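Structure first, then comments.
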Amino acid sequence: MDIIVKAKNCEVPARLKEEAVSRVEHATRFFDRLLGVEMVFSEEANPRIAEPAVVEVTARTKGHHIRAEGVASDHRGAVDVAVDRFERQLARYKSRLVDRSRRRGRAPAGQATEGQPTAGPATAGPTAGAEAAVEEQPEQVDVPRIVRRKSFPLNPMLPEDAAWQLELLGHDFYLFTNASSGRCSVVYRRRDGAFGLIEAADPG
Numbered sequence: 341m342d343i344i345v346k347a348k349n350c351e352v353p354a355r356l357k358e359e360a361v362s363r364v365e366h367a368t369r370f371f372d373r374l375l376g377v378e379m380v381f382s383e384e385a386n387p388r389i390a391e392p393a394v395v396e397v398t399a400r401t402k403g404h405h406i407r408a409e410g411v412a413s414d415h416r417g418a419v420d421v422a423v424d425r426f427e428r429q430l431a432r433y434k435s436r437l438v439d440r441s442r443r444r445g446r447a448p449a450g451q452a453t454e455g456q457p458t459a460g461p462a463t464a465g466p467t468a469g470a471e472a473a474v475e476e477q478p479e480q481v482d483v484p485r486i487v488r489r490k491s492f493p494l495n496p497m498l499p500e501d502a503a504w505q506l507e508l509l510g511h512d513f514y515l516f517t518n519a520s521s522g523r524c525s526v527v528y529r530r531r532d533g534a535f536g537l538i539e540a541a542d543p544g
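Note that the numbering used here has the sequence shown beginning at 341, numbered continuously upward.
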């Protein structure tokens with residue numbers, strides 16, 4: 341398995357890179373389904389940030405990405421945090437695979453298995469608040485700045501699988517193509533810990 345180490349806006353000593361790779365190799369020793377791992381070291385330029393060192397660990401499997409991030413005052417500490425979280429994510433993912441293999445074929449068609457989030461109508465999602473904010477904006481406001489852009493393929497999957505991918509990445513929302521409808525959809529984490537689903541409506 342390849343472990344790629346990258347650095348953005350910072351320099352990482354060779355010894356620290358070797359230690360980081362060794363830590364990741366040790367974390368993946370009990371899981372042989374990873375296709376590759378990428379570690380990205382970066383550093384925030386703002387001197388007011390108390391913990392500017394950031395380390396991201398992203399692993400690829402067949403159909404999923406597993407991501408963990410560590411933030412600390414230096415990169416060695418950030419590696420410790422990131423790898424610890426990465427190990428927990430791997431353990432959860434492996435447990436999920438074992439659980440799904442045991443439950444496969446037991447649940448009736450179209451019914452989510454126990455423990456999986458069930459997609460429902462997004463009547464109480466973040467869009468209502470967003471619309472209200474637009475209506476209440478004053479005439480003269482600062483134009484929002486887009487400071488970062490990302491692009492990635494929208495893989496077809498069911499909402500339950502998208503919610504699981506959201507868990508593995510540690511994000512608050514996940515954009516995907518709903519395999520059952522073919523529509524661009526977003527699954528997001530609600531304040532109560534449950535999940536919500538937003539789907540694009542048909543034009544008109």
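Just so it is clear, CB atoms sit at the ideal spot from N, CA and C, and this is done for glycine as well. Keep in mind it's a predicted model, so treat the numbers as computed, not measured.
Is residue i helix, strand or coil when you go by DSSP?
i    : result
G410 : strand
A418 : helix
A534 : coil
V352 : coil
A431 : helix
R529 : strand
F426 : helix
E391 : coil
K357 : helix
E365 : helix
Output the distance between the C-alpha atoms of residue i and residue j, rounded to the nearest integer angstrom.
i    : j    : result
P499 : V527 : 7 Å
I538 : Y514 : 10 Å
A412 : R436 : 30 Å
K346 : G510 : 21 Å
P461 : D424 : Low confidence applies here, because P461 scores a pLDDT of 45, under 50, leaving its location unreliable and the question unanswered by this model.
I408 : I486 : According to the sequence provided, residue 408 is Ala. The question's Ile does not apply to it. The straight-line gap from Cα to Cα measures roughly 24 Å.
P596 : D414 : Absent from the model: residue 596. The displayed extent of the chain is 341 to 544, so no value can be given.
F535 : R529 : 5 Å
Less than 8 Å between the CB atoms is what I'm expecting for residue i and residue j, so what's the real figure, rounded?
i    : j    : result
I344 : E378 : 5 Å
V421 : A360 : The Cβ separation is near 12 Å, so there is no contact.
C524 : A540 : 5 Å
Which residues does DSSP pair with residue i in a beta bridge?
i    : result
V405 : Sequence inspection shows His at residue 405; the Val mentioned does not correspond to that position. DSSP lists R400 as partners of H405.
C524 : T517
Report all residues from its chain with a CB closer than 6 Å to the CB of residue i; omit the five preceding and five following residues, and keep chain order.
i    : result
P496 : T517, A519
W504 : none
Ordered along the chain, which non-local residues of its own chain (more than five positions away) have a Cβ less than 8 Å from that of residue i?
i    : result
T368 : M341, L374, V377, A399, L430
So, at 7 Å on beta carbons, what are the nonlocal neighbours of residue i in its own chain, with the 5 sequence-adjacent residues on each side left out?
i    : result
C350 : F381, S382, E383
S362 : none
K335 : For the chain, the structure presents residues 341 to 544; residue 335 sits outside this window and is missing.
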